[in-house]
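Each protein sequence line maps, in turn, to chains A and B. Mapping of the first sequence onto the working numbering: position 11 corresponds to residue 11, and the numbering continues sequentially without gaps. Mapping of the second sequence onto the working numbering: position 300 corresponds to residue 1300, and the numbering continues sequentially without gaps. Single-structure report; data block below.
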Amino acid sequence: MLNLEFLNPLILTSLTPLVGLLILFVIPATKESFCRLVALNTACITFLFSLILWIQFDSHTSLFQFSATFDWFPSANLYYTLGIDGISMFFILLTTLLTIICILVSWSSVKFLIKEYLICFLLLEFFLIQVFSVLDLLWFYIFFESVLIPMFLIVGIWGSRERKIRAAYQFFLYTLVGSLLMLIALLTIYFQVGSTDLQILWHYNFTEIKQIIFWLAFFSSFAVKIPMIPFHIWLPEAHAEAPTAGSVILAGILLKMGGYGFLRFSIPLFPEACIYFTPLIFTLSIIAILYASLTTLRQVDLKKIIAYSSVSHMGFVTIGIFSLNLHGIEGSILLMLSHGLVSSALFLCIGILYDRHKTRILKYYSGLMQVMPLFGIFFLFFTFANLGFPGTSSFIGELLVLIGAFQLNRILTFFASIGMILGAAYSIWLFNRISFGTLKTQYFSFFQDISRREFWILLPLTLLILWMGIYPISFLSEMHFSVLSLIEQLF
Amino acid sequence: MYLLILLLPLLGALFAGFFGRFLGHKGAGIISLLCVILSMLLSLLAFYEVGLMGLNCYLRISPWIEVGVLKISWSLLFDSLTVTMLVVITVISSLVHLYSIRYMQYDPHLPRFMAFLEIFTFFMLILVTADNLVQMFVGWEGVGLASYLLINFWFTRLAANQSAIKALVVNRIGDFGLSLGILTTFYIFQSVDYYTIFSLTPLVSDYSLNFGGYTVSGITLIGVFLFIGAIGKSAQLGLHTWLPDAMEGPTPVSALIHAATMVTAGVFLLIRFSPLLEFSSIVLNILIIFGSLTAFFAAMSGVFQNDLKRVIAYSTCSQLGYMIFSCGISCYNVSMFHLANHAFFKALLFLSAGSVIHALANEQDMRRMGSTIKFLPVTYSLMLIGSFALAGFPFLTGFYSKDFILELTQITLNNNLYNIQGSFACWLGNLSVFFTAFYSFRLIYLTFINSTNATKNIILKSHEPSLYMLLPLILLGLGSIFVGYLTKDLFIGLGTDFWNSAILILPNHSYFIEAEWLNITIKWLPFVLSSLGIVLATFTNVRQTYIYLYNKIYRFGCFLINKKWYWDILYNRFFVYPILNFGYLVSFKNLDRGFIELLGPYGLTKLIPTWAYIFSKLQSGQLSHYLFFFVLGVCLFIVIIIGNILFYNLQLIFFYFVLIFFI
């Protein structure tokens, strides 16, 4: 009798990248275009499977769906459990979508070790899908850390400058130190409860002092990933040195792991500690929003500008998560998804510029609207999406986050809203410097508008951002029950 | 039909924008013009149905955001306020479209220009037809985007770039206020729909909430936040600096966006929220004070500007001040009436100014114009009509609204309803009338009548614009003459039921009956003042009186006002540069690149080798050193054992001791 458990779309989604990976291993590295095709097809198939996840998803329940359990060490009460709910489903979709885009983006810009590069990306995709679907604390930790390995390699090997080693090192150091504390907390939890299964842990009440200690340990790991000030300085470095696809996946998904961790673990496991630490989070977020925005105003490296603006946007996300109400949390999830699309798209735009002119210093660019009108239109759209233009996805996210925060603290919201002004200032400044003004022909004399491949990469992102902004209900309605049950854990 | 009013401009924008390459200049122009004219005809129909017949229309298109109790939908609301705005917007927009097809004839990016104009029209229509605050915010930001793109239309010019960024960022400060207003509204009413808010307002009028430790009345807080939004969009004092700079854009843009429609969005917002503002006297007083100050300062600034378009821009700013303070004295319908009238004569002024600039080879400085009356007689007469209407000359359009506003302020001064804010508005409003007349006619004299300072080449080449450009001008000229007369009784006639439920004026705030019984000499006052202004302008220009130029005080005043009261410099020096420097020196260099980095990875990488070096030095290889450590260890061990017996806590003390030793 055939075991039909494998037809579970979640398992199919998780395993497809691995299958692609194995195929890639046996292809000789000299057949570069074949390698690319295999990787692209794998990513596309994975994306299709993840779309099936969305289609089959039942939005009227808060239970975990498509769940499957495998024995690992039954004697030690350790299992491997998979399952998704409304919170994690969209992150999986985002992962699978962005992987396709990453592979497409590096179609011709990566010049060496292509097979290994693609292997890294498929591995990364596999790890990320696991991170978002695994329902076991220990496994979550394992995958959360494993993501570091391919990412470290991507930054360190295919980065653009000599400085990439330092950036990769910094990236590694920060995330590792953060998560070591989490490991200690995890072991303590395991020895106390006797299980690392998430659904069991949710029904376990820790004492308040233990909650606070565990929360801090988890926080150190998630805050580095999100990143919150003062653990954020690895982000601009890593972004600036990573190849375009690396930046896309870093900004698009890796940052969301922190927010996802807060939602999945910190809030339901340690509700009292969450309420206890809310003022700390709010303070750090406000500092992140204002300081990062101000810093962004004075950056000259294009990628660093986007990176710092990411820090500022993630400040909104943490405010939303810790406002601990329906509007705030759904807003922050939506803002994370939206940021995954918008900042990825901006990094793609910058990658397009970098591919053509091999520099990321703002000073050399000016007046590109005259020679790259299509690029200009896309860049304009993404810039306005970045500053939270109504009708784009970030607006919905920011609005919901601010509504959620306003219920708790008016002054907090006031200062967070100042971030909107500064956001407009740096976004429009960046756009204006690149696209408008006179053409600096003393630096560049050859120009080329975006190619057909780049057009088809950017167009879906544009449409998605618009869809999320104009009809966000198709996203929000899937998460209502999950978020409500998450809030229920608090009270 | 109602949906088509909105969709047609969007369609036009998409066609002209994305397919402009294939349509060519003519095609793009015709398609966009056709779209907006159809939209205008439908708006007129809507005006007939909703405004004149009183059939309000509500369209629910689809849900938008639904989270918990927050339910926002895409829906359109057509009541008399909306349809009035619709007519104003679409009429001015179609005339400007017609005008700019010929005005921008030789620009290679005409399709793009038309697309931007259409986009603007679309967002403006969204703004006025929205039935909830958030959807209105879409239009609000959208017109900001369109304004940015249109100011920046000639994007290779640095000045255009700067003004566009300035307009967007300053507007964004207003948007910040508006978005806080939305949040507060939702907090108090748990809804953002207009009708829900307005019907609940009387019930929560004494509700107060805690804002940063202060207890503030909820309605007042909402009102103040909305007004911050209006300050930004409607260029009121404090955030008005973007409007004169926005004149860097092409002239049709100035006419459409920065005179007739977009800048009135703030006023529209306040009028729309009349059922809420009426319950907060504090907000009304703030409106009076800001509005009258703006009217006065802007009118004064207009007097000493030398750029043709900037004069008109300051005049716009000043007229917006009138609209705002007439909202403050609870005369929302008069404010709306003035808004509609102002749209006609201000668009006329700008478009005629465009003709002049077009004729004089893009010269904008009035000091280098003159004598154009001989070459541009039609433009001159149209400009004269516009100026008279602006100055409030009797029986022209401006007269009916502006005079009535001033009469209403007189009431607060003269009757037993005396309140200090009203008289403030009265004084400043009347003084501004004088300045308005003065700068309008200074403009006429400098541009058309005085002997010319332009070069012979330019003057000889100057000619009247073609019929396509004149047609909108003439239509607007007719509007500037007749619109006020025709619609006065409809909009502000005593006991008119045109506004239905769109505007609420509390009975104890209404002064309309008193205005009918005002002393006749007072009713003449604005006319006398404006005539004085005209006479003075004539006197200074015709007699060529140079004597006043040598007066020191006068020259200082001139200097101060010509430099726009130093608003820009103050803002730059006290806000912009400190913030930018903070961003670089403090948050980037000191914190990110200094403190955090040193405490973080770089500190660690420096510390670990140092420690390793220190520890490796302990391995010196000399027996005496090892012996010393051995003895030390034994001693400590003994101390611990004894200490453990005597004092319980010594272990910890020892631990600290070791720690200190190593560090």
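Glycine is no exception: its CB is placed at the ideal position from the N, C-alpha and C atoms. Quantities reported herein were computed from a predicted structural model and do not represent experimental measurements.
Return the chain-ordered ranges of every alpha helix (DSSP H) run that is complete within the region 402-487 of chain A and spans a minimum of 4 residues.
410-435 and 452-470
Let me check understanding here. Comparing Cα to Cα, which of A:307, A:36, A:163 and A:189 lies closest to residue 215 of chain A?
What you label residue 215 of chain A is simply residue 215 of the first sequence in a count that begins at 1. Nearest to residue 215 of chain A by C-alpha distance, out of A:307, A:36, A:163 and A:189, is A:189.
Quick one: what's residue 71 of chain A bridged to in DSSP?
Taking the first residue of the first sequence as 1, we reach residue 71 of chain A at position 71. Beta-bridge pairing links residue 71 of chain A to A:79.
Nearest to residue 1146 of chain B by CA position, among B:1289, B:1132, B:1126 and B:1121, is which residue?
Position 146 of the second sequence, counted from the first residue, corresponds to residue 1146 of chain B. The shortest C-alpha separation from residue 1146 of chain B is found at B:1121.
Can you give me the Cβ contacts of residue 1 of chain A inside the same chain, cut-off strictly under 6 Å, excluding the 5 residues immediately before and after it?
The count along the first sequence starts at 1 and reaches residue 1 of chain A at position 1. For residue 1 of chain A, the predicted structure reports a pLDDT of 46, less than 50, and the residue's modelled location is therefore unreliable. The matter cannot be settled from this model.
Only counting the same chain, and skipping five residues up and downstream in sequence, which positions put a Cβ closer than 7 Å to that of residue 481 of chain A?
The count along the first sequence starts at 1 and reaches residue 481 of chain A at position 481. Excluding positions up to five away in sequence, the list reads 59, 60, 61, 62 and 86.
Mind listing, in chain order, the continuous alpha helix (DSSP H) runs of no fewer than 4 residues lying wholly within the region 1293-1336 of chain B?
1308-1328
Please classify residue 1562 of chain B: does DSSP put it in a helix, a strand, or coil?
On the second sequence, position 562 is the one that residue 1562 of chain B refers to. Residue state, collapsed to three classes: helix.
According to DSSP, is residue 170 of chain A helix, strand or coil?
For the purposes of this step, residue 170 of chain A is taken as residue 170 along the first sequence, with counting starting at 1. Helix at residue 170 of chain A.
Extract the residue ranges of the alpha helix (DSSP H) inside the region 280-323 of chain A, only unbroken runs of 4 or more that lie entirely within it.
302-322
Report the residue from A:238, A:258 and A:208 whose alpha carbon sits nearest the alpha carbon of residue 222 of chain A.
Counting from 1 along the first sequence, the entry for residue 222 of chain A is found at position 222. When each option's Cα is compared against that of residue 222 of chain A, the closest is A:258.
Using a 10 Å radius around the Cβ and a threshold of 16 neighbouring Cβ atoms, would you call residue 1079 of chain B buried or exposed?
Sequence index remark: in the second sequence, residue 1079 of chain B carries index 79 (1-based). It counts as buried.
With three or more beta-carbon pairs closer than 8 Å as the criterion, would you say the region 1218-1231 of chain B touches the region 1174-1188 of chain B?
yes
Residues of chain B with CB closer than 7 Å to the CB of residue 327 of chain A, please, in chain order.
Taking the first residue of the first sequence as 1, we reach residue 327 of chain A at position 327. Per Cβ cutoff of 7 Å: 1067, 1068 and 1070.
Spell out the partners DSSP gives residue 1078 of chain B in its beta bridges.
Taking the first residue of the second sequence as position 1, residue 1078 of chain B is located at position 78. B:1057, per the DSSP bridge assignment.
Could you please tell me which residues of the region 400-431 of chain A, in chain order, have their CB closer than 8 Å to any CB of chain B?
400, 402, 403, 406, 407, 410, 411, 413, 414, 417, 418, 420, 421, 424, 425, 428 and 429
Report the three-state DSSP secondary structure of residue 1216 of chain B (helix, strand or coil).
What you label residue 1216 of chain B is simply residue 216 of the second sequence in a count that begins at 1. Strand.
By the 8 Å beta-carbon criterion, what residues does the region 1166-1179 of chain B contribute toward chain A?
Near chain A, meaning a CB-to-CB distance below 8 Å, the residues of the region 1166-1179 of chain B are 1168, 1169, 1172, 1173, 1175, 1176 and 1179.
By the three-class DSSP mapping on this structure, what secondary structure does residue 192 of chain A have?
Along the first sequence, read from residue 1 onward, the residue named residue 192 of chain A stands at position 192. DSSP places residue 192 of chain A in helix when its eight states are reduced to three.
Would you mind stating whether residue 1028 of chain B and residue 1110 of chain B have Cβ atoms separated by less than 8 Å?
Within the second sequence, the letter at position 28 stands for residue 1028 of chain B. Within the second sequence, the letter at position 110 stands for residue 1110 of chain B. The answer is yes: Cβ separation under 8 Å.
Could you please give me the residues that DSSP links to residue 211 of chain A through a beta bridge?
As a working note, residue 211 of chain A is residue 211 in the first sequence. Beta-bridge pairing links residue 211 of chain A to no other residue.
Once the 5 residues before and after residue 1241 of chain B are set aside, which same chain residues still bring their CB inside 6 Å of it?
What you label residue 1241 of chain B is simply residue 241 of the second sequence in a count that begins at 1. 1567 and 1568.
From residue 1536 of chain B to residue 364 of chain A, what does the alpha carbon distance come to, in whole angstroms?
For the purposes of this step, residue 1536 of chain B is identified with residue 536 of the second sequence, where counting begins at 1. For the purposes of this step, residue 364 of chain A is identified with residue 364 of the first sequence, where counting begins at 1. Rounded to the nearest angstrom, the two C-alpha atoms are 54 Å apart.
Quick check: is the beta carbon of residue 1152 of chain B nearer than 8 Å to any beta carbon in chain A?
Along the second sequence, read from residue 1 onward, the residue named residue 1152 of chain B stands at position 152. Contact of residue 1152 of chain B with chain A is assigned, a C-beta pair being separated by under 8 Å.
Contact defined as beta carbons within less than 8 Å: I believe residue 1345 of chain B pairs with residue 1291 of chain B. What is the distance between those atoms, to the nearest angstrom?
Against the second sequence, residue 1345 of chain B aligns to sequence position 345. Against the second sequence, residue 1291 of chain B aligns to sequence position 291. Contact flag wrong, Cβ pair sits at about 19 Å.
Which bits of chain E does residue 170 of chain A rub up against, with CB to CB less than 7 Å?
In the displayed structure, chain E is absent; the protein chains listed are A and B.
Hey, is residue 1584 of chain B's beta-carbon within less than 8 Å of any beta-carbon in chain A?
Counting from one through the second sequence, the residue named residue 1584 of chain B turns up at place 584. Yes, residue 1584 of chain B lies at the interface with chain A (some Cβ there is under 8 Å from its Cβ).
Roughly how many angstroms separate the alpha carbons of residue 475 of chain A and residue 1577 of chain B, rounded to a whole number?
The residue given as residue 475 of chain A occupies position 475 in the first sequence. The residue given as residue 1577 of chain B occupies position 577 in the second sequence. Computed Cα separation, rounded: 42 Å.
According to a CB-to-CB cut-off of less than 7 Å, which residues of the region 277-304 of chain A neighbour chain B?
Only 291, 294, 295, 297 and 298 from the region 277-304 of chain A bring a Cβ to less than 7 Å from some Cβ of chain B.
Report, in whole angstroms, the separation of the C-beta atoms of residue 335 of chain A and residue 313 of chain A, which I expect to be a contact under 8 Å.
Indexing the first sequence from 1 puts residue 335 of chain A at position 335. Indexing the first sequence from 1 puts residue 313 of chain A at position 313. So it is a contact: roughly 7 Å between Cβ atoms.
With a CB to CB cut of under 7 Å and the five nearest residues on each side skipped, what residues in its chain are close to residue 47 of chain A?
Position 47 of the first sequence holds residue 47 of chain A. Cβ neighbours of residue 47 of chain A beyond the five flanking positions: 96, 97 and 100.
Using the Cα positions of residue 443 of chain A and residue 1541 of chain B, report the straight-line distance between them to the nearest angstrom.
Here residue 443 of chain A corresponds to residue number 443 of the first sequence, with the count starting at 1. Here residue 1541 of chain B corresponds to residue number 541 of the second sequence, with the count starting at 1. Residue 443 of chain A and residue 1541 of chain B: Cα-Cα distance of roughly 52 Å.
Rounded to a whole number of angstroms, what is the C-alpha to C-alpha distance between residue 269 of chain A and residue 1067 of chain B?
Position 269 of the first sequence, counting from 1, holds the residue named residue 269 of chain A. Position 67 of the second sequence, counting from 1, holds the residue named residue 1067 of chain B. Whole-angstrom Cα-Cα distance: 24 Å.
Could you pull out every unbroken alpha helix (DSSP H) segment of at least 4 residues lying fully inside the region 1595-1624 of chain B, listed in chain order?
1596-1599 and 1601-1618
Alpha carbon to alpha carbon, what distance is there between residue 1308 of chain B and residue 1477 of chain B?
For the purposes of this step, residue 1477 of chain B is taken as residue 477 along the second sequence, with counting starting at 1. For the purposes of this step, residue 1308 of chain B is taken as residue 308 along the second sequence, with counting starting at 1. Their Cα atoms are separated by approximately 19 Å.
Among B:1304, B:1171 and B:1200, which one has its Cα closest to the Cα of residue 1557 of chain B?
By one-based count along the second sequence, residue 1557 of chain B stands at place 557. Closest by alpha carbon: B:1304.
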